[in-house]
Amino acid sequence: MTTWTTDDLVGPEGEDWRVPVSELAHRQKGLANLLREAGVAGALIQHPVDLYYYSGGRQDGSLFVPATGAGGSVETGGNGPVAFVRRSLKRAQFEAGGNDAPHEVVAFPRLSLLADALRQRGVTDVPGLQFGEAPGTFTARFAQALSSLGDAPDITSTVHAQREIKSAWELEQMETAAAVQFRMFEAVHAVGGEGMTELDMVAAAEAVSRSEGFGGNVQMRRYPLQCDRGVIVAGRAGGIPSFFDSAIGGTGAHPLSGMGSGFTKVKLNEPVLVDLVHAHRGYMVDATRIFVAGSLSPEWNQRLEDMVTVKETVVDVLDQGRPCSDAWEEGYALAVELGYSDHLMGTSPDQSRFLGHSIGLQLDESPVVAAGFDRPLPVGGTMAIEPKVVYAEGSVGSEDTWVRDEEGMCPITAGGGLPWLMEW
Numbered sequence: 054m055t056t057w058t059t060d061d062l063v064g065p066e067g068e069d070w071r072v073p074v075s076e077l078a079h080r081q082k083g084l085a086n087l088l089r090e091a092g093v094a095g096a097l098i099q100h101p102v103d104l105y106y107y108s109g110g111r112q113d114g115s116l117f118v119p120a121t122g123a124g125g126s127v128e129t130g131g132n133g134p135v136a137f138v139r140r141s142l143k144r145a146q147f148e149a150g151g152n153d154a155p156h157e158v159v160a161f162p163r164l165s166l167l168a169d170a171l172r173q174r175g176v177t178d179v180p181g182l183q184f185g186e187a188p189g190t191f192t193a194r195f196a197q198a199l200s201s202l203g204d205a206p207d208i209t210s211t212v213h214a215q216r217e218i219k220s221a222w223e224l225e226q227m228e229t230a231a232a233v234q235f236r237m238f239e240a241v242h243a244v245g246g247e248g249m250t251e252l253d254m255v256a257a258a259e260a261v262s263r264s265e266g267f268g269g270n271v272q273m274r275r276y277p278l279q280c281d282r283g284v285i286v287a288g289r290a291g292g293i294p295s296f297f298d299s300a301i302g303g304t305g306a307h308p309l310s311g312m313g314s315g316f317t318k319v320k321l322n323e324p325v326l327v328d329l330v331h332a333h334r335g336y337m338v339d340a341t342r343i344f345v346a347g348s349l350s351p352e353w354n355q356r357l358e359d360m361v362t363v364k365e366t367v368v369d370v371l372d373q374g375r376p377c378s379d380a381w382e383e384g385y386a387l388a389v390e391l392g393y394s395d396h397l398m399g400t401s402p403d404q405s406r407f408l409g410h411s412i413g414l415q416l417d418e419s420p421v422v423a424a425g426f427d428r429p430l431p432v433g434g435t436m437a438i439e440p441k442v443v444y445a446e447g448s449v450g451s452e453d454t455w456v457r458d459e460e461g462m463c464p465i466t467a468g469g470g471l472p473w474l475m476e477w
C-alpha cells in the first residue's frame, strides 16, 4: 500500500462516525430555503464548525449553497451545492458521503477565478459570507474576489438560526456525550479528596473523555473566548475572576491559560466546583456539580439550595415557551430577593449577565438566558442552565444541559442521576 485510504478513517471498533448523508442533505436544503426567505442568492460557508455541519468535514475549503430557486440551484438547472476544497480533496469527498454525497466536491480554483467558477455553475448573484464568524481579512479577500457578482451580504445570523434547532440525530449525539460526562464526574469522585490539585482531578475526567473520542477542542463562537472542557476550582480559586465571560474564572495553569483549573489543592470542608464538558462527534453537553472533602457548612449548603431554586425558576419559564429574557428577569429577581445581587454569576464588578447558554457544536450558541433575547428557546433547542454564586471563599451552583421538546424542558445530562453535592 503506497498511500492512505479512507478505510483508515473510522471511529472506535471500526464504527463509521461520519455525519449521515441524510442529515447533510436536510441541512443544505434547509439553508437554501432560509436564504430564499432572506432574499440572499446563496451562501459561501467557510467557518470550520459550519463546514462540518453542512458538508460533513472541516477540510480547507468553502461550501457554496445556492438559495432555493436562485442561480446555480437545481431548480434553475444549475449544479446545486458544491465544496471547493484545497486539502484534502479525497478526505472531503469521503466525509461528505463518498458517491452518495449531497454536494459535489471539486478542487478549489485560484481565488481570482472563483467568481467565474460560480458563473459556470449558473450563479448570477453574489453569495453571502460569514462576516460575523470568520476573520475580517479573510472575508474581505473573498468579498473582493466575488465583487464582480455584487456586494456580499452577511449570512451569519441565518446560519446561527438554523443551527439552533437540533435534529433527532444531533440529540442522540448529545445524549451519548451525557453518558460519557456522567463517567467523568464519577472519575473525579473516585480520585478527588483533600490534598488533590484541581489539575489532577481534571486529568482523571479528561482521561475518560479522551478515551471515548473527544477531539481535544471546545469550540467557541465569541472571539476571543477559549475554554477547557474541565473547569474544577477548589475553595478560594473559585472566587477568582478571569477573561472568560462566565461565573467561574479560576487561576488557570499559567497566565496564557488564565482560566479554569490550576495547582490549588482541595482543603477540608471547602466547596469544589466541578464544571465538565464532553463532546461526542462534535456535540457538547455541559454540567456542574459541587464536591467537598468532609462536609459543607450550613451557609454553603443554603447557597447551593438557593441556586437550585433559581434554576427551577428559569426552567419553568422556558418550559412555558416564554422568552429567554423573561427567564433571566425572573431568575435574576429571585436571586436578588435571596440576597445574591453582588454574587450571582460572579462577584461585583466581575459578574456575567446570563443564567443559561444554548449549546451544540459550540459552547456559546444562541439564544441565551439574558436581557435582550426576547424570544423563546425553540422546540429542538438545547441549553445549559447554570445559576451560580461566587464569593472570595469559593463558588457553588447547579448546571445541566436541557432540550425543549414538544412536551417542554427535558434534561439531557445527569438530571437527578447525580446529586448536586458529592462528598469525599
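Under my numbering, think of the first position of the sequence shown as 54, with each following residue one higher.
Backbone N, C-alpha and C fix where the C-beta goes; we use that ideal spot for every residue, glycine too.
Enclosing alpha helix (DSSP H) for residue i [first to last residue]
i: Phe137; result: No alpha helix (DSSP H) holds Phe137; the beta strand (DSSP E) holding it covers Val135 to Arg140.
i: Thr366; result: Pro351 to Asp372
i: Val74; result: Val74 to Ala91
i: Ala198; result: Gly189 to Ala198
Distance between residue j and residue i (C-alpha atoms, nearest Å)
i: Val241; j: Glu476; result: 11 Å
i: Pro440; j: Lys82; result: 37 Å
i: Thr249; j: Ser314; result: This sequence places Met at residue 249; Thr is not what is there. Each residue's Cα considered, the two are about 12 Å apart.
i: Glu376; j: Leu167; result: In the sequence as presented, Glu is not what sits at residue 376; that position holds Pro. Between Pro376 and Leu167, the C-alpha separation is close to 42 Å.
i: Ser126; j: Trp70; result: 29 Å
i: Glu186; j: Asp328; result: 26 Å
i: Val25; j: Glu157; result: The requested residue 25 is not part of the displayed model; the chain covers only 54 to 477.
i: Arg480; j: Pro420; result: This structure leaves residue 480 out entirely; the chain is present only between 54 and 477.
i: Asp281; j: Val271; result: 7 Å
i: Ser262; j: His79; result: 30 Å
i: Asn354; j: Leu97; result: 51 Å
i: Val138; j: Leu104; result: 11 Å
i: Thr366; j: Gly433; result: 20 Å
i: Asp403; j: Leu278; result: 16 Å
i: Leu88; j: Pro206; result: 11 Å
i: Thr129; j: Lys219; result: 30 Å
i: Asp372; j: Phe147; result: 41 Å
i: Val443; j: Thr190; result: 39 Å
i: Arg194; j: His396; result: 45 Å
i: Thr304; j: Ile293; result: 7 Å
i: Thr362; j: Thr56; result: 58 Å
i: Ala445; j: Ile438; result: 23 Å
i: Phe426; j: Ser378; result: 5 Å
i: Gly203; j: Asn132; result: 21 Å
i: Asp253; j: Glu323; result: 17 Å
i: Val449; j: Pro431; result: 29 Å
i: Gly283; j: Leu171; result: 44 Å
Expected contact under 8 Å - CB spacing of residue i and residue j to nearest Å
i: Val368; j: Met462; result: 5 Å
i: Ser299; j: Met360; result: 15 Å between Cβ atoms; not a contact.
i: Ser165; j: Ala198; result: 6 Å
i: Leu408; j: Ala380; result: 7 Å
i: Glu76; j: Arg216; result: Contact doesn't hold; Cβ gap of about 12 Å is too wide.
i: Glu247; j: Lys320; result: 7 Å
i: Met312; j: Ser295; result: 4 Å
i: Glu265; j: Val233; result: 5 Å
i: Val176; j: Gly122; result: Val176 to Gly122, Cβ: 13 Å. No contact.
i: Arg144; j: Gln112; result: 6 Å
i: Arg406; j: Ala388; result: Contact flag wrong, Cβ pair sits at about 12 Å.
Residue i at chain C interface by Cβ criterion, 9 Å
i: Pro402; result: No chain C appears in this structure, which consists of one protein chain only.
Host beta strand (DSSP E) of residue i (start-end)
i: Glu217; result: From DSSP, Glu217 is part of no beta strand (DSSP E) but of the alpha helix (DSSP H) over Thr209 to Glu217.
i: Ala287; result: Gly283 to Ala287
i: Met312; result: Element bounds for Met312: n/a, residue is neither H nor E.
i: Cys463; result: Gly461 to Pro464
i: Trp473; result: Here Trp473 belongs to no beta strand (DSSP E), and DSSP marks it neither H nor E.
i: Val449; result: Gly447 to Gly450
i: Asp204; result: No beta strand (DSSP E) contains Asp204, which DSSP labels as neither H nor E.
i: Thr56; result: Neither: Thr56 is in no beta strand (DSSP E) and is coded neither H nor E.
i: Val456; result: Asp453 to Asp458
Discussion item. Which complete beta strand (DSSP E) runs does the region 96-167 hold, if anything under 3 residues is left out?
Written reply: If you keep only unbroken beta strand (DSSP E) runs of at least 3 residues inside the region 96-167, you get 113-119, 135-140 and 157-160.
Practice prompt. Note down, one range per segment and in chain order, each alpha helix (DSSP H) of at least 4 residues found wholly within the region 227-274.
Written response: Along the length of the region 227-274, whole alpha helix (DSSP H) runs at least 4 residues long occupy 251-264, reported in chain order.
In chain order, which beta strand (DSSP E) runs of at least 3 residues are fully inside the region 314-348?
Here the runs fully enclosed are 324-333 and 336-345.
#### Entry: the region 150-162 in contact with the region 182-191 per 3-pair CB rule at 8 Å
They do not touch, by the three-pair rule.
Are three or more beta carbon pairs between the region 411-418 and the region 331-339 nearer than 8 Å?
-> Because the criterion of three Cβ pairs below 8 Å is met, the region 411-418 and the region 331-339 touch.
| field | Inter-stretch contact (C-beta, 8 Å, three-pair minimum) for the region 111-121 and the region 213-233 | value | No, the region 111-121 is not in contact with the region 213-233.
Could you tell me which uninterrupted beta strand (DSSP E) segments, each at least 3 residues in length, are contained entirely in the region 367-443, listed from first to last along the chain?
For the region 367-443, whole beta strand (DSSP E) runs of length 3 or above, ordered along the chain, are 409-411, 418-422 and 435-438.
**Item:** contact_flag[the region 467-474, the region 340-355] where n(CB pairs < 8 Å) is 3 or more
**Value:** A contact is defined here as three or more CB-CB pairs under 8 Å, and the region 467-474 meets this definition with respect to the region 340-355.
- Query: Is there contact here, the region 389-402 with the region 277-287, by at least three beta-carbon pairs under 8 Å?
  - Reply: No: the two stretches stay apart, fewer than three of their Cβ pairs being nearer than 8 Å.
Under 8 Å, with one C-beta from each stretch per pair, do the region 99-114 and the region 147-156 reach the 3-pair mark? Enough Cβ pairs lie closer than 8 Å, so yes.
Q) Touching or not, the region 91-98 and the region 201-219, by the rule of three or more beta carbon pairs under 8 Å? A) Yes: at least three Cβ pairs fall under 8 Å.
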